[in-house]
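Down below is the structure, laid out as structure tokens.
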Amino acid sequence: MNIDIELIRSYLEELHITPQTDEDGDLIIMQEADRDFGHDVYIFVIVRNNYLRFQAGAPDYKPSEGLDPLYLVNRHNCRRMMPVATVRDGEIRMEYSYLLDEEVSKEYIVENCLKMTIGNIWRGFVELEQPDDR
Numbered sequence: 016m017n018i019d020i021e022l023i024r025s026y027l028e029e030l031h032i033t034p035q036t037d038e039d040g041d042l043i044i045m046q047e048a049d050r051d052f053g054h055d056v057y058i059f060v061i062v063r064n065n066y067l068r069f070q071a072g073a074p075d076y077k078p079s080e081g082l083d084p085l086y087l088v089n090r091h092n093c094r095r096m097m098p099v100a101t102v103r104d105g106e107i108r109m110e111y112s113y114l115l116d117e118e119v120s121k122e123y124i125v126e127n128c129l130k131m132t133i134g135n136i137w138r139g140f141v142e143l144e145q146p147d148d149r
């Protein structure tokens, strides 16, 4: 199976997720702020050379006073396998990639790549500042 952006778009639309498209043709999913995390999260979905990449950020989010972004991402990465948290240009980002160069089912892509990753990106931001003893 050769994955492409239109295939991923169709799977997202089946999940009732309507992505936008940026100037590079990549998909953008916006998760709206709520009481769990008060900032919008933008997830860029990039498909190139059988890689399915997720790069997410919350542009309006700044860590609470006294919390170092590097400390937060390192603690996040020790707590969770995915997504990987990074600091880029002073902003905390969540990222994850899949290489889909072998035959995989639609169900695998939908359940294990799309749903799980999008949900874990949101949870990553929600739990970023939560203490270890929760």
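In our numbering, the protein residues as written are 16 to 149.
The C-beta atom is built at its ideal place from N, Cα and C for all residues, glycine as well.
Just so we're clear, the structure is a prediction, and the values are computed from it rather than from any experiment.
Coarse secondary structure for residue i, derived from DSSP in three states
i: Arg24; result: helix
Residue i - containing beta strand (DSSP E), residue span
i: Arg108; result: 106 to 114
i: Leu42; result: 42 to 46
Neighbour-count burial assignment, residue i, 16 or more Cβ in a 10 Å radius
i: Val141; result: exposed
i: Arg63; result: exposed
i: His91; result: buried
i: Gly72; result: buried
Distance between residue j and residue i (C-alpha atoms, nearest Å)
i: Pro74; j: Phe59; result: 13 Å
i: Gln35; j: Asp116; result: 26 Å
i: Glu76; j: His54; result: As written in the sequence, residue 76 is Tyr, which differs from the Glu given in the question. Each residue's alpha carbon lies about 6 Å from the other.
i: Asp51; j: Arg138; result: 9 Å
i: Pro146; j: Asn17; result: 42 Å
i: His31; j: Leu87; result: 32 Å
**Q.** Every unbroken alpha helix (DSSP H) inside the region 117 to 149 [4 residues or more]
**A.** Correct list: 131 to 142.
Q | Complete runs of the alpha helix (DSSP H) confined to the region 59 to 103 [at least 4 residues] | A | Counting whole runs of 4 or more residues, the region 59 to 103 contains the alpha helix (DSSP H) stretches 84 to 94.
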